[in-house]
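Under my numbering, think of the first position of the sequence shown as 1, with each following residue one higher.
Working notes for the structure below.
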Amino acid sequence: MVATPIGNLGDLTTRAREVLGAVDAICAEDTRHTRQLLGALGIERPLLALHEHNEAEMAWKLVERLKAGDRLALVSDAGTPLVSDPGYRLVREVRAAGLKVVPVPGACAAIAALSVAGIPSDRFCFEGFLPAKSSARRERLAALSREPRTLVFYESSHRIEESLADLVAMFGPDREAVLARELTKLFETVLGDTLGGIAEQVAADENQRKGEFVLIVRGCEDDGEAKLLEGQRLYAKLAEHLKPSLAAKLAADISGAPRKALYGGGE
1 MVATPIGNLG DLTTRAREVL GAVDAICAED TRHTRQLLGA LGIERPLLAL HEHNEAEMAW
61 KLVERLKAGD RLALVSDAGT PLVSDPGYRL VREVRAAGLK VVPVPGACAA IAALSVAGIP
121 SDRFCFEGFL PAKSSARRER LAALSREPRT LVFYESSHRI EESLADLVAM FGPDREAVLA
181 RELTKLFETV LGDTLGGIAE QVAADENQRK GEFVLIVRGC EDDGEAKLLE GQRLYAKLAE
241 HLKPSLAAKL AADISGAPRK ALYGGGE
């Protein structure tokens, strides 16, 4: 399992370079991307496509190659393999066959972002990419709204604005966060603020909507805030089927949030 740079080629370790140059073949999610990387390194090795659509089929074939004595490497498009990328099925099959799996560590965007965020990193929860549709995204965020650990998300340029808007809606605008963009690349930026503040900066600057993103969000520390967020989530769901007053009463009873904060109307 060979970690590759997330941008700056200088971050490839000496060991990783040696391994990539010595194996019999390299498994890659996108062989075109990996071929460019190898070309920049002056390495020529056979490439095998391994992605979410063919991993189950390819795993047993690769195990057979390993049993025959081949040495194989697995890389993702960037960073550490299996972190929000395919590969765990292959690793499981290789280990089940009694064969050795060796990590060759290196760059990882999530860890790189955590290291510069200044947000508690002793306990964190990696969530990868949020769902593409807003309704599913909000549902997932609602489930995470009371999570006390620091949260780490990946996001793409075409969804960053919408995801930030949903985070503000579900976590509140005042939750501390850091948005790291294009880490180790020429236009790297790290925005530290609240979710609301970051959303405003991204909306106001087109350049801040380009590239690849890691979003670090501080966990929920205030039990009152957590109860309110959970109450708001429950109220929104219940109010679709019940009178607002009854929905607010039930949501308050279940979450412990103040009923008046959920619904200000009379009985």
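A virtual CB, placed ideally from N, CA and C, is assigned to each residue, including glycine.
Since we're looking at a predicted model, the values are computed, not measured.
Check: Contact under 8 Å by Cβ, F126 with A110; Outcome: yes
Check: Nearest to A59 (by Cα), restricted to the options L99, G79, G42 and L37; Outcome: L99
Check: Among M170, G197 and G42, nearest to Q208 - alpha-carbon criterion; Outcome: G197
Check: DSSP three-state assignment for L38, whether helix, strand or coil; Outcome: helix
Check: Residue closest to L195, alpha-carbon to alpha-carbon, out of E206, E188, T184 and A180; Outcome: A180
Check: Stretch pair the stretch 88-105 + the stretch 39-49: three plus CB contacts closer than 8 Å; Outcome: no
Check: With 16 other Cβ atoms within 10 Å as the buried cut-off, status of Q36; Outcome: exposed
Check: Alpha carbon of E139 to alpha carbon of R65, nearest angstrom; Outcome: 43 Å
Check: Complete alpha helix (DSSP H) runs within the stretch 135-207 (minimum length 4 residues, chain order); Outcome: 160-171 and 195-204
Check: For R146 and A226, believed in contact at Cβ under 8 Å, the rounded distance; Outcome: 4 Å
Check: Alpha helix (DSSP H) runs wholly inside the stretch 68-127, at least 4 long, in chain order; Outcome: 88-96 and 109-117
Check: Own chain partners of S279 with C-beta closer than 8 Å, once the 5 adjacent residues on each side are dropped; Outcome: Since the first and last residues shown for the chain are 1 and 267, residue 279 lies out of range.
Check: Cβ-based burial, S115 [other Cβ within 10 Å; buried from 16]; Outcome: exposed
Check: Whole runs of the beta strand (DSSP E) within the stretch 216-257, excluding any shorter than 3 residues; Outcome: none
Check: Check whether D30 and D77 have beta carbons under 8 Å apart; Outcome: yes
Check: Pairwise C-alpha distance: A252 and R259; Outcome: 5 Å
Check: Cβ-Cβ distance between V217 and L167 below 8 Å; Outcome: yes
Check: Contact set for A16: own chain, Cβ-Cβ below 6 Å, skip 5 residues either direction; Outcome: V2, V104 and G106
Check: Close-in-space but distant-in-sequence residues of the same chain around T80 (CB under 6 Å, 5 per side omitted); Outcome: A3 and C108
Check: Buried or exposed by the 16-neighbour rule on C-beta atoms within 10 Å, applied to V101; Outcome: exposed
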